[in-house]
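K.L.:
My structure is below; once you've seen it, I'll send some questions.
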C-alpha cells in the first residue's frame, strides 16, 4: 500500500479531534483545520486529531476489557447546571482517558454493542437507553442517509413495532433523556462561523437570513425579555429548566427557535417602556416581530429537538385567537400534542424511567400542555386535542419542581388537578351520561382540599395573586357548569337554586376586580383566570335587562367591574379585545331597543340613530352592516370584520351570548 494511500486512510479515520470525540459531538477539524470551531469557542489550544485504531486489535477482547474497567470505575456526580450535557460528558472523558490504548471510534461501533455497554453502565448509575432509541441508532448506523428522518418510536402502544421490540431483552427501558437538551446549542457557532444544520438547503438558509431570524435583539433588550420570561411566565408555566435557560443565555447559546419564542413571551408581559426603548411602536408590533421569526424557524424545521419544539409550541399558543387562520392557539397546541405523544410524555414510563433531574421537566411539560389544551378548547369552542383517558401519566407533585418556589409549584399542581374537571364540565354540557351534580361534587372536593392547603400554608397565608386567581377560576368553572344557553323560544330552564348559584358566582368574580387592581399586578395573573370575567360579564349583562331597577343598577356596576379588568388585560390577553367589543356592541343594541316593545315611531328613531353610526363605506347598505355585526357577535374575528374581510366560523365562548337574530328588523330600510 502506497504512502499516499496510508495517509488518506488515516485522514478518513480521524474525523474528530480528541475533545469532540470524547464528547461525542460533531467536529469540523478536517474541513476547517485545527483548532476546530468548538475548541475555538471553548478557548482550548489542546485540539489534536484522534487516531483511529480500526482493524488493529481484537474488537471482542477490547470490548470485554472496556466493560470490565467501567464496572470498576466510580460514577461521577452530575453537574447541577446541565446534568445530561456536562456531567455525563465529564464521566465519558474520565472513562475514555483511562482506556485510551483500546479506544474504539464511536462511528465504527455497532449500536447493539453500545447498548450492551450502556446496559452494564446503567447498573452503576449511568444513563441507559430505550429500546426505541437503540433501534433508531441501529438504522442510522446501517444507513447514514436515514439520519434526521427517524422519529422517536413510542413504546407501550399496541403496534406491531412495539410487539417486535419487546423481544429485545432489556430491563426497565427509559424513554427519553431530557436533561441538557439546550446546553449543546450552536447559536454562537452560527453567529461566528455561519454554520447551520446540515439538513437544511442553502436556499432555506438564505431565506432565513433575508428574514433576519439570525439577528438577535440587542443585548440589553434580550436580557430584559429573558428576565421577564423568568419572573412572570415561568412561575405560571414551568416548561423549561430554569437554571439551564439562564446558563445558555449567559453563554449566548440559546437555540434560535427557543430564543425568539422566549422573546415573544417576554414582549407579551414586559413593561411598555422597555419595548419602546427597543424600537418597537407597540406591544403588538413587538409580539408580531418575534412570533414571525420563531414561526419561520419552525416552518423550515431548523430545530429538530422535540422537547425544544414542544416548548416553543406551548409558548406560541399565547398568540391569538386569530381563528380565521389555521395558525391559531389550537393548532399550536395540536403540534405540541404531536411532539408530546411522540416522546411518550403521556405515559408513566416517560417520567418513571427518566434519569435524575429530568422527571419533573417531562411531567411539567405534559401537564402544562393538558392545561393549555383545556383552556384553548373551552375558550374558542374547539374539540380537545388530548384524549386524557388515554394517558396514564402521574399527577404533578412538589418533587417535580426543583428550582420553583412553593407558591409557583402549588398553583401549577392545582391547575393540573382542575383540567380533568373542566373536561368533565364540557362533556356534561354536551352529553347526557354525565350529570352536573357529579361534576359539582368533584369541584367541591377540590375546593375543600384547597381551603385545607391554605390553612396549612407555610408562613401563614398564600399571596393574594395565587389565592385570588384560584378563587376566580373556581367560580368560572361553576358558571360554565350551570349557565344555560339563552333561547327566545322557551323560558329559562335553570332551576332557581342553580340560577342563584350562577348569579352568586358571577358577583364573586366581579368583586375580585377591585382586589386585583389595588393589590396585585394584572400582568402577573395567569391567563386561565381572565375568561372568568368574560363569562361573569355575560351573566351581569343578562341581569341588566331585568324589570327591577335595583337589580339592573347592581348588574350594571358588576358588569363595569368586569369590563375594567378586560380593558386592562387586552394588551397581553388578546381575547380581551374581543370581549370588550362584544359588550360595546351589546350595549349599543340595548340602548336602541325597548324591553317591553317599542312603538313604530320609536323604532324609526332608533334606526335613525344607528344609521348615523354605520361606517361611511357601508352607507346605503344596512343589510351588509347587519350581516357583519351579526356574524361578529356569533364568533367572527373582529379585526377581519372591521377591515371588511370575510367573517369566519370561530366561536369565542360559544352559546353564552344572548341571541339577537330576531331583533334586527329595525335596521332594515
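In the UniProt record's numbering, the protein residues as written are 1 to 669.
Here a beta-carbon is modelled for each residue, glycine too, at the ideal position from N, C-alpha and C.
Please read these numbers as outputs of a predicted model, since none were measured by experiment.
Would you grab the beta carbon distance between residue 302 and residue 257 for me? Rounded to a whole angstrom, and I think it's under 8 Å.
P.N.:
6 Å
K.L.:
Let me make sure I understand the geometry here. Which of 406, 386 and 403 has the alpha-carbon closest to that of residue 419?
P.N.:
386
K.L.:
What did DSSP end up calling residue 74 once you bin it into helix, strand or coil?
P.N.:
Note that residue 74 has pLDDT 46, beneath the 50 cutoff, so the model's placement of it is unreliable and the number below is only indicative. Annotated three-state conformation of residue 74 is coil, per DSSP.
K.L.:
Go through its chain and collect everything with a Cβ distance to residue 221's Cβ below 7 Å, but skip five positions before and after it.
P.N.:
278
K.L.:
Roughly how many angstroms separate the alpha carbons of residue 707 and residue 289, rounded to a whole number?
P.N.:
The structure shown does not extend to residue 707, since the chain is modelled only from 1 to 669, so the question has no answer here.
K.L.:
Where residue 505 and residue 475 are concerned, what is the direct C-alpha to C-alpha distance, given to the nearest angstrom?
P.N.:
5 Å
K.L.:
When the Cα atoms are used, what is the spatial distance from residue 472 to residue 544?
P.N.:
22 Å
K.L.:
Alpha carbon to alpha carbon, how far is residue 145 from residue 201?
P.N.:
Unreliable positioning characterises residue 145 in this predicted model, as indicated by a pLDDT of 49, which lies under 50. The coordinate reading is nonetheless provided below. Computed Cα separation, rounded: 15 Å.
K.L.:
Give me, in chain order, the residues of the same chain whose beta-carbon lies closer than 8 Å to that of residue 406; leave out the 5 immediate sequence neighbours on both sides.
P.N.:
Excluding sequence neighbours, residue 406 sits near 398 and 458.
K.L.:
Whose C-beta lies closer than 8 Å to the C-beta of residue 572 among residues of the same chain, with five residues either side of it excluded?
P.N.:
268, 269, 283 and 523
K.L.:
CB residue 464 to CB residue 426, shorter than 8 Å?
P.N.:
Not a contact, by the Cβ cut-off of 8 Å.
K.L.:
Mind checking residue 448: buried by the 16 CB within 10 Å criterion, or exposed?
P.N.:
Taking all protein chains in view, the Cβ of residue 448 is surrounded by fewer than 16 other Cβ atoms within 10 Å, so the residue is classified as exposed.
K.L.:
Let's test the definition: count the other Cβ atoms within 10 Å of the Cβ of residue 199 and tell me whether it reaches 16, buried, or not, exposed.
P.N.:
exposed
K.L.:
Taking all protein chains shown into account, do 16 or more other C-beta atoms lie within 10 angstroms of the C-beta of residue 18, making it buried, or fewer, making it exposed?
P.N.:
buried
K.L.:
Name the DSSP beta bridge partners of residue 49, please?
P.N.:
17
K.L.:
Figure out for me which residue from 586, 33, 539 and 236 has the closest Cα to the Cα of residue 412.
P.N.:
Residue 236 is the option with its Cα nearest to residue 412.
K.L.:
Excluding the five sequence neighbours on either side, which residues of its own chain have a C-beta within less than 7 Å of the C-beta of residue 294, listed in chain order?
P.N.:
257, 260, 261, 264, 312 and 316
K.L.:
State the Cα-Cα distance for the pair residue 526 and residue 191, rounded to the nearest angstrom.
P.N.:
36 Å
K.L.:
What is the DSSP secondary structure of residue 117, reduced to helix, strand or coil?
P.N.:
With a pLDDT of 46 at residue 117, under the threshold of 50, the predicted position of this residue should be treated as unreliable, though the coordinate-derived value follows. Three-state result, residue 117: helix.
K.L.:
Put residue 454 into one of helix, strand or coil per three-state DSSP.
P.N.:
helix
K.L.:
Does the Cβ-Cβ distance between residue 195 and residue 21 come in under 8 Å?
P.N.:
no
K.L.:
With C-beta atoms as the reference, is residue 362 less than 8 Å away from residue 388?
P.N.:
no
K.L.:
Quick one: which unbroken beta strand (DSSP E) runs of 3-plus residues sit fully inside the segment 173–236? Chain order, please.
P.N.:
none
K.L.:
Compare the Cα-Cα distances from residue 533 to each of 305, 564, 206 and 548 and report the closest residue.
P.N.:
564
K.L.:
I believe residue 559 touches residue 537 by the beta-carbon criterion, under 8 Å. Please report the beta-carbon distance rounded to the nearest angstrom.
P.N.:
5 Å
K.L.:
Just to confirm, are residue 333 and residue 376 a CB contact at a threshold of 8 Å?
P.N.:
yes
K.L.:
Distance check for residue 562 and residue 421, CA to CA, integer angstroms please.
P.N.:
25 Å
K.L.:
Please classify residue 327: does DSSP put it in a helix, a strand, or coil?
P.N.:
coil
K.L.:
Among residues of its own chain, excluding the 5 on either side of residue 579, which ones have a beta-carbon nearer than 6 Å to its beta-carbon?
P.N.:
534 and 566
K.L.:
Buried or exposed, going by whether 16 or more other CB atoms sit within 10 Å of the CB of residue 209?
P.N.:
exposed
K.L.:
Tell me where the alpha helix (DSSP H) around residue 562 begins and ends.
P.N.:
From DSSP, the alpha helix (DSSP H) with residue 562 extends over 549–569.
K.L.:
Let me confirm a value: residue 291 is counted as buried when at least 16 other C-beta atoms fall within 10 Å, else exposed. Which label applies?
P.N.:
buried
K.L.:
At the level of alpha carbons, what is the spacing between residue 641 and residue 252?
P.N.:
Low confidence applies to residue 641: its pLDDT is 33, below 50, so where it sits in the model is not reliable, and the reading given next is rough at best. About 43 Å.
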